[in-house]
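Colleague:
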Amino acid sequence: MANKLSIISFSGDFDKLTAVFTLATGAAAVGYEVNLFFTFWGLDAIKKKQGRSFVGGTALTKLFGFFMGGLKAAPVSRLNFWGASASIFRSLMRRNNVATPEELLEAAKALSVNFYACEMAMHILGLTKEDFIPEVKDVLGVASFLKIADGGQTLFI
Amino acid sequence: MANKLSIISFSGDFDKLTAVFTLATGAAAVGYEVNLFFTFWGLDAIKKKQGRSFVGGTALTKLFGFFMGGLKAAPVSRLNFWGASASIFRSLMRRNNVATPEELLEAAKALSVNFYACEMAMHILGLTKEDFIPEVKDVLGVASFLKIADGGQTLFI
Amino acid sequence: MANKLSIISFSGDFDKLTAVFTLATGAAAVGYEVNLFFTFWGLDAIKKKQGRSFVGGTALTKLFGFFMGGLKAAPVSRLNFWGASASIFRSLMRRNNVATPEELLEAAKALSVNFYACEMAMHILGLTKEDFIPEVKDVLGVASFLKIADGGQTLFI
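Residue numbers (the numbering used here), protein chains in the order written: chain A, 24 to 180; chain B, 24 to 180; chain C, 24 to 180.
Listed below in C-alpha cells is the structure:
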C-alpha cells in the first residue's frame, strides 16, 4: 500500500501553515501521496491574489478577505505582537536556513502535492475556483475528501 | 471494513465546531460510522441548557459555564470582533444556503452520529451526564474512546 | 498489530497540553505504543529549565523562550484572563482529583511514552537537545516521524 498523508488545512495562522507545508513537503519528499484540503481560514493561503485585497462575492466577504490578507499577512497563533511575530519568525527562518512558508508552498507545488479547496467554505466566503492558484486541482465536499484520504493518515491543522 | 470517522471535539469555537459538524454529517451521509467525543470547551456545544447559564458543580465551574455560553454564543477563533463575527458568519451561511452549526447538530442527530462526553473534562468542569442533550450515549475515558475509534480515521479539532 | 498512538504536540497552551498528556497516558496505560513529537510551542513543555528563562541561541530566540515560560506558565487557549485561568484549572483539577499537566508528564515518563523533538522547529528557535528533559529520545525530521507513526493513529494538537 502506498503511503498517504492528508491534511485538512483549516488554520490561517503563520505557524500552523508552516506546520502544514513542512509536513506536506517532508512526506512528499519520501514518496508519500500528499493531499491538502484547504478550508475556512486556510483558503487564504492558496489565493491567487496575495496581500490585503478585497476578494469575495459580497461586501462582507470582501471585508473578511481584506482582514485575512493572505499567507504573507498571516498572524502567529500566539505571542503575535500585533503582527511583528511573523516577521521575527521569517528572519529566524532565513538566518537558520529553514524554509519560510512561501518557499515551502513552492516546494509543495514542485513535489506534486495535491491541493484541494473546500466547497462549503467557499460558499460561505463567496470564493470561486478562479480566486485560487492554478495548482488547486479540484473543489471538494467532505465525502469526496474522505474518499481521497481513505487508507492513509489524516490530520486536522 | 466499514468506514469510520472519529473526532475529538476539543474546541468551543464557532468555526471549529462548524468544521466538526460538517465533517460528521458529511461522513454519516455517505455511510460512515461517526463518533464525536466532546471534551473541554467542546462540551459546551452539547449542553442541554444553551445560552449563558450557570451550569456546573461549584461557583468557579458555574462561572466558566456562564462565560462559555453554549453553541449560540461560541466565538470565532480569529477576527472575532467581540462576537460580531459569528453573527456575520451565520448570516453568510443563511444567505448562501449553507447550514449553521445548530442546523448541522440537528442533522448529526438525525444521521445517528454517536455523541460521547469526556469523563475527565466533566470532572474538571463539574458537569454530569444530565447537563447534556439526551443524544449523548455515554461518558467515556481515553481508553474506551480509543477502542471505539480503532480502525478508522481520528481527528483532533 | 500493536496499537499505536502518535501525537504531533504543536500547541503550548495549558488546555491542549493537558489533552496531549491525558491521551498519551490513557493510551499507554492500556498497552499502546505512544509517540509524542513536540514541535513549535509544544517544545516549551519539555524544556529542562522550566519557568521564565532565557533559553535559546540568540537574543531573539531567548526572548521567545522568556515569553513562553514553560509548562507551568502555559496560558489557556480561551478565556485566559491574563493567566489566571490556568491557576483556576489547576485548582479545579486538584479539587476533583484529576491530574495536572505536570503530574501527567511524570506519568507519561513512567509509562514509557516516547518523547521526540522536531529538528526544524529547534533550528528556528535556536534550541539544542541539551535544552530538553533527558527523556527526549531523539531529534527527528518529518520523514522519520512519519515512519514511527506509520500504521497507527496520528493526531495534531
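Yeah, the Cβ is synthetic: ideal placement off N, Cα and C, and Gly gets one too.
1) Would you check if there are 3 or more beta carbon pairs closer than 8 angstroms linking the region 39 to 57 of chain B to the region 125 to 139 of chain B?
2) Using 10 angstroms around the beta-carbon of Trp64 (chain C), count the other beta-carbons present and answer buried if the total reaches 16, otherwise exposed.
3) Along the chain, which unbroken stretches of the beta strand (DSSP E) at least 3 residues long are found entirely within the region 28 to 109 of chain C?
4) Could you check if Lys71 (chain C) is buried or exposed, using at least 16 other CB atoms within 10 Å of its CB as the buried criterion?
5) In whole angstroms, give me the CA-to-CA distance for Ala68 (chain A) and Thr48 (chain A).
6) Closer than 8 angstroms, Cβ to Cβ, to anything on chain B: give me those residues from the region 144 to 165 of chain A, in chain order.
7) Thinking C-beta only, is Thr81 (chain B) closer than 9 angstroms to Ala144 (chain B)?
8) Please go through the same chain and pick out, in chain order, the residues whose beta-carbon is closer than 6 angstroms to the beta-carbon of Thr123 (chain B), but skip the five residues on each side of it.
9) With a threshold of 16 other CB atoms inside 10 Å of the CB of Ser100 (chain B), please say whether the residue is buried or exposed.
10) So, does the CB of Pro98 (chain C) fall closer than 9 angstroms to a CB anywhere in chain A?
11) Our contact map puts Trp121 (chain B) next to His146 (chain A) with C-beta atoms below 8 angstroms; I'd like the distance itself, whole angstroms only.
12) Is there a Cβ of chain A sitting closer than 9 angstroms to that of Val78 (chain B), yes or no?
13) Taking buried to mean at least 16 other C-beta atoms within 10 Å of its own C-beta, is Ala133 (chain A) buried or exposed?
14) Report all residues from its chain with a CB closer than 6 angstroms to the CB of Lys152 (chain C); omit the five preceding and five following residues, and keep chain order.
15) Let's test the definition: count the other Cβ atoms within 10 Å of the Cβ of Pro157 (chain B) and tell me whether it reaches 16, buried, or not, exposed.
16) Given this structure, state the Cα-to-Cα distance separating Ile180 (chain A) from Val78 (chain B), to the nearest angstrom.
17) Are the CB atoms of Gly175 (chain C) and Ser32 (chain C) nearer to each other than 9 angstroms?
18) How many angstroms separate the CA atom of Ser110 (chain A) from the CA atom of Gly88 (chain C)?
19) Whole angstroms are fine: how far does the CA of Leu169 (chain B) sit from the CA of Asn58 (chain C)?
20) Please list, in chain order, the chain A residues whose beta carbon lies closer than 9 angstroms to that of Trp105 (chain C).
21) Please identify, using Cβ separations under 7 angstroms, the residues of the region 33 to 50 of chain A that lie next to chain C, in order along the chain.
22) Report all residues from its chain with a CB closer than 7 angstroms to the CB of Ala172 (chain A); omit the five preceding and five following residues, and keep chain order.
23) Hey, is Val136 (chain B)'s beta-carbon within less than 9 angstroms of any beta-carbon in chain A?
24) In chain order, which beta strand (DSSP E) runs of at least 3 residues are fully inside the region 117 to 150 of chain B?
25) Taking only beta-carbon positions, decide if Gln73 (chain B) is within less than 9 angstroms of chain A.
26) Skipping 5 residues on each side, what residues in its chain have a beta carbon closer than 8 angstroms to that of Ser108 (chain B)?
27) Between the region 52 to 67 of chain A and chain B, which residues of the former have CB atoms less than 8 angstroms from a CB of the latter, in chain order?
28) Measuring alpha carbon to alpha carbon, tell me which of A:Gly35, A:Ala51, A:Ser34 ends up nearest Val136 (chain A).
29) So, is the C-beta of Ala172 (chain B) closer than 9 angstroms to a C-beta in chain C?
30) Apart from the five residues just before and just after Met24 (chain C), which ones in its own chain have a Cβ nearer than 7 angstroms to its Cβ?
31) Under 9 angstroms between the Cβ atoms of Val165 (chain A) and Thr177 (chain B)?
32) Short of 7 angstroms in beta carbon distance, which residues of its chain neighbour Gly106 (chain B), apart from the five on each side in sequence? Order them along the chain.
33) What are the start and end residues of the beta strand (DSSP E) that includes Lys160 (chain A)?
34) Have a look at A:Met91, A:Lys160, A:Glu56 and flag the residue whose alpha-carbon is nearest the alpha-carbon of Gly35 (chain A).
Modeller: By the coordinates alone:
1) A contact is defined here as three or more CB-CB pairs under 8 angstroms, and the region 39 to 57 of chain B meets this definition with respect to the region 125 to 139 of chain B.
2) Trp64 (chain C) should be labelled buried.
3) Within the region 28 to 109 of chain C, complete beta strand (DSSP E) segments of at least 3 residues are found at 56 to 61, given in chain order.
4) In summary, Lys71 (chain C) is exposed, with fewer than 16 beta-carbon neighbours lying within 10 Å of its beta-carbon over all protein chains present.
5) One C-alpha to the other measures close to 16 angstroms.
6) Only His146, Ile147, Leu148, Gly149, Gly164, Val165 from the region 144 to 165 of chain A bring a Cβ to less than 8 angstroms from some Cβ of chain B.
7) When the beta-carbon positions are compared, Ala144 (chain B) and Thr81 (chain B) stay at least 9 angstroms from each other.
8) Cβ neighbours of Thr123 (chain B) beyond the five flanking positions: Arg113, Met116.
9) Buried, since its Cβ has 16 or more Cβ neighbours within 10 Å.
10) Interface criterion met: the Cβ of Pro98 (chain C) is under 9 angstroms from a Cβ in chain A.
11) It should be pointed out that residue 121 (chain B) corresponds to Val in this sequence rather than to Trp. With 8 angstroms as the limit, Val121 (chain B) and His146 (chain A) qualify as a contact, their Cβ atoms being about 5 angstroms apart.
12) No, its Cβ sits nowhere closer than 9 angstroms to a Cβ of chain A.
13) Of the residues assessed, Ala133 (chain A) falls on the exposed side of the cut-off, its CB having fewer than 16 other CB atoms within 10 angstroms.
14) Result list for Lys152 (chain C): Val162, in chain order.
15) Exposed, since its Cβ has fewer than 16 Cβ neighbours within 10 Å.
16) Their Cα atoms are separated by approximately 31 angstroms.
17) Taking 9 angstroms as the Cβ cut-off, Gly175 (chain C) and Ser32 (chain C) do not qualify as a contacting pair.
18) For Ser110 (chain A) and Gly88 (chain C), the distance between alpha carbons rounds to 17 angstroms.
19) Put simply, the backbone Cα of Asn58 (chain C) is about 15 angstroms away from that of Leu169 (chain B).
20) For Trp105 (chain C), no chain A residue has a C-beta closer than 9 angstroms to its own C-beta; the minimum C-beta separation is roughly 14 angstroms.
21) Within the region 33 to 50 of chain A, the qualifying residues are Asp38, Ala42, Thr45, Leu46, Gly49, Ala50.
22) Excluding residues within five positions, the ones whose Cβ falls inside 7 angstroms are Ser29, Asn58.
23) Judged by the 9 angstroms Cβ criterion, Val136 (chain B) is not in contact with chain A.
24) With a minimum length of 3 residues, the continuous beta strand (DSSP E) runs that stay inside the region 117 to 150 of chain B are 137 to 141.
25) So no, Gln73 (chain B) is outside the interface.
26) For Ser108 (chain B), where only same-chain residues beyond five positions count, the Cβ hits under 8 angstroms are Phe37, Pro98, Val99, Leu102.
27) Answer in chain order: Thr62, Phe63, Trp64.
28) When only C-alpha atoms are compared, the closest one is A:Ala51.
29) Yes, because at least one Cβ of chain C sits closer than 9 angstroms to the Cβ of Ala172 (chain B).
30) Caution is warranted here: a pLDDT of 49 is assigned to Met24 (chain C), below 50, making its placement in the model unreliable, and the coordinate value is therefore given only provisionally. Taken in chain order, the residues that qualify are Gly174.
31) Using a Cβ distance threshold of 9 angstroms, Val165 (chain A) and Thr177 (chain B) do not count as a contacting pair.
32) Cβ within range, chain order: Pro98.
33) Following the DSSP letters along the chain, one finds Lys160 (chain A) inside the beta strand (DSSP E) bounded by residues 159 to 163.
34) A:Met91 is the residue among A:Met91, A:Lys160, A:Glu56 whose C-alpha sits nearest the C-alpha of Gly35 (chain A).
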